[in-house]
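A.B. asks: Could you have a look at this structure, given as structure tokens, before my questions?
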Amino acid sequence: TLVVRPDNTFEVLIDNESVKTGSLEENFDFLLPKEIKDPSVSKPADWVDKKKIADPEDVKPEGWDDIAKEIPDADASKPDDWDDEEDGEWEAPMVPNPEYKGAWKPKMIPNPEYKGEWVHPMIPNPDYAEDSELHVRCKDCTHVGFELWQVKTGTIFDDIIVTDSLAEAQAYAAETWAKKVGPEKEAFEEAEKIKSEAAKAAMPAEGEEDMMGEEEEDHDEL
Numbered sequence: 001t002l003v004v005r006p007d008n009t010f011e012v013l014i015d016n017e018s019v020k021t022g023s024l025e026e027n028f029d030f031l032l033p034k035e036i037k038d039p040s041v042s043k044p045a046d047w048v049d050k051k052k053i054a055d056p057e058d059v060k061p062e063g064w065d066d067i068a069k070e071i072p073d074a075d076a077s078k079p080d081d082w083d084d085e086e087d088g089e090w091e092a093p094m095v096p097n098p099e100y101k102g103a104w105k106p107k108m109i110p111n112p113e114y115k116g117e118w119v120h121p122m123i124p125n126p127d128y129a130e131d132s133e134l135h136v137r138c139k140d141c142t143h144v145g146f147e148l149w150q151v152k153t154g155t156i157f158d159d160i161i162v163t164d165s166l167a168e169a170q171a172y173a174a175e176t177w178a179k180k181v182g183p184e185k186e187a188f189e190e191a192e193k194i195k196s197e198a199a200k201a202a203m204p205a206e207g208e209e210d211m212m213g214e215e216e217e218d219h220d221e222l
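Here full-length UniProt numbering is used: position 83 in the sequence shown is 83, and no number is missing along the way.
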């Protein structure tokens, strides 16, 4: 249920319980913003917004680039049946070098010139106009539409009422939704139970799965 009030506030109820309240002006884009970024101001060219910089005094250690990424496995040995004439000269497999540290990068330090994140100054929007009748969105209502996205079918929309009386809407809900919500929930749960039991019954037992796998392997060999 959507309740829109004359003070331009709204409230959303689900199953007759309030789940959200707010302001039509603040929560929706019905009006232009009250403030805009000052078009005459831009971030200074010399503004420093990098928090950290590479340490100019940090130097790459001598021999850093000489450390190999992989080295021969010291624990590996040539197989007894290895024939150098037939198999070629045996070489130990390569393993990651525990001494390898990757490409060198200088450490980062706080930037002494950092000024913080630049914030664009705001000014009053000359095109903004207050509207005390934002709540008057439906003067000649003839249709009701739903704009939503879902991945399951079977959703039903019924018992729709548009009124300027909250008491009338609540009475209508008591005569429609309140009488059906219980039975509909029970019917849904029963349908889900039947669906779950059917899915379990269709699944082969563990032993049957093994036999089916063996039959498929035998069939592939043939």
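Ideal Cβ positions, reconstructed from N, Cα and C, are used throughout, including at glycine. Bear in mind the structure is a predicted one, so any value in this text is a computation, not a measurement.
1) Classify Leu32 as buried or exposed, calling it buried when 16 or more other Cβ atoms lie within 10 Å of its own Cβ.
2) When DSSP builds the beta bridges, which residues end up paired with Leu2?
3) In the DSSP assignment, what are the bridge partners of Ile20?
4) Count Cβ pairs between the segment 5-17 and the segment 89-99 that sit closer than 8 Å; are there 3 or more?
5) Which value, in whole angstroms, describes the spacing of the CA atoms of Asn97 and Ala74?
6) For a test of your reading of the model: does the CB of Pro121 fall under 7 Å from any non-hydrogen atom of the ligand MG? Yes or no.
7) Please name the residue in Ala129, Pro204, Gly182, Ala201 whose C-alpha comes closest to that of Phe30.
8) If the criterion is Cβ atoms closer than 8 Å, does the pair Ile156 and Tyr172 meet it?
9) Leaving out the 5 sequence neighbours to the left and right, which residues in its chain are closer than 7 Å to Trp118 when beta-carbon positions are compared?
10) Under the rule that 16 or more other beta-carbon atoms within 10 Å means buried, what is Ser18, buried or exposed?
11) Apart from the five residues just before and just after Asn16, which ones in its own chain have a Cβ nearer than 7 Å to its Cβ?
12) Can you find at least 3 beta carbon pairs, one from the segment 141-160 and one from the segment 64-71, that sit closer than 8 Å?
13) Hey, Asp55 and Ile109 are a contact pair by Cβ (cut 8 Å); roughly how many whole angstroms apart?
14) Using CA coordinates, which residue listed in Glu192, Asn111, Glu57, Lys115 is at the minimum distance from Ala45?
C.D. replies: On the basis of the coordinates in this document:
1) One-based indexing of the sequence shown puts residue 32 at position 32. Leu32 should be labelled exposed.
2) As a first step, residue 2 must be located in the sequence shown, where it is residue number 2. Its beta-bridge partners are Val12.
3) Residue 20 sits at position 20 when you count from the first residue of the sequence shown. Correcting the residue type first, residue 20 is Lys in the shown sequence and not Ile. Answer is Val12.
4) no
5) By 1-based counting over the sequence shown, the position of residue 97 is 97. By 1-based counting over the sequence shown, the position of residue 74 is 74. For Asn97 and Ala74, the distance between alpha carbons rounds to 11 Å.
6) Questions concerning the ligand MG fall outside what the structure shown contains, since it holds no ligand whatsoever.
7) As a working mapping, residue 30 is identified with position 30 in the sequence shown. Cα-wise, what sits closest to Phe30 is Ala129.
8) Translated into the one-based positions of the sequence shown, residue 156 becomes position 156. Translated into the one-based positions of the sequence shown, residue 172 becomes position 172. Not closer than 8 Å, so no.
9) Locating residue 118 in the sequence shown gives position 118, counting from the first residue. Cβ neighbours of Trp118 beyond the five flanking positions: Lys43, Trp47, Asp49.
10) Counting from one through the sequence shown, the residue named residue 18 turns up at place 18. Answer is exposed; the Cβ neighbour count stays below 16.
11) The count along the sequence shown starts at 1 and reaches residue 16 at position 16. Within the same chain, Asn16 has close Cβ partners Ala173.
12) no
13) In the sequence shown, counting from the first residue as 1, residue 55 sits at position 55. In the sequence shown, counting from the first residue as 1, residue 109 sits at position 109. Contact flag correct, Cβ pair sits at about 5 Å.
14) Taking the sequence shown and counting its residues from 1, the one referred to as residue 45 is at position 45. Taking only the C-alpha atoms, the option nearest Ala45 is Lys115.
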